[in-house]
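Notes follow the structure.
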Amino acid sequence: MKRLLIALIALFSVSTPVATASATSAPDGVSVMNTVTLRNCDGRLEDFALGTDSSLVHRWQRSPGGAWTGWVSLGGVLIYDIDASLNSDCRLEAFGVGTNHEMYHIWQDANASNGWSGWASLGGYLTSRPWSHRLSDNRLEVCAWGPDHIYHCKAQTRPSSGPWTDWY
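Taking mature numbering (1 follows the signal peptide of the UniProt record, and there is no 0), I'd label the letters of the sequence shown as residues -21 to -1, 1 to 147.
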């Protein structure tokens, strides 16, 4: 019953976006579709999208309500639309399914040269775009459909950090 409820919520929700755009120009004229927009804790908006080159691209406001940066690639080779969520410690985290059908994630990292971690696998074998959200205890959960037509989920074991649970 819980999986059915989660699946129904996923069908009618997309993370916690504040807006959705249909198509925008990205690096080198790459078109992006199905943009996910989140608000950083300082009030700036940040857009995430799957570029036509199958990489994750993002852009952000330089100040709340201010001008936007250009689109910047975070790499990856993803096969479905992406999703993103805000961790309880104010770091953004994005999710996508790779060509091997495993779930991957990348998160803001102040210690990295570009401000983002590298891509890390969460495993699984998934056949749909991810859907992520923050649970009532502030842990992130990411879910997607599997080839068995079951909605599979995985969650952080502690708010804003791993390791992650097994798939359930």
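We treat Cβ as the ideally placed atom computed from N, Cα and C, and that holds for glycine.
Member of 42, 95, 80 whose CA lies at the smallest distance from the CA of residue 124: 80
Residue from 107, 52, 144, 122 with nearest C-alpha to residue 97: 52
Bridge-paired residues (DSSP) for residue 62: 74
Under the three-state DSSP convention, the category residue 100 falls into: strand
The segment 129 to 136 / the segment 84 to 91 touching (three or more Cβ pairs under 8 Å): no
Selected residue, minimal CA-CA separation from residue 76, among 106, 94, 63: 106
Contact set for residue 141: own chain, Cβ-Cβ below 7 Å, skip 5 residues either direction: 135
C-alpha distance - residue 33 paired with residue 116, whole-angstrom precision: 33 Å
Residue 83 - partner residues in DSSP beta bridges: 75, 100
Residue of 68, 70, 69, 111 minimising C-alpha distance to residue 192: The structure shown does not extend to residue 192, since the chain is modelled only from -21 to 147, so the question has no answer here.
Span separating the alpha-carbon of residue 47 from that of residue 23: 10 Å
Beta-bridge partners of residue 47, as assigned by DSSP: 40
Length of the line joining the Cα atoms of residue 44 and residue 18: 11 Å
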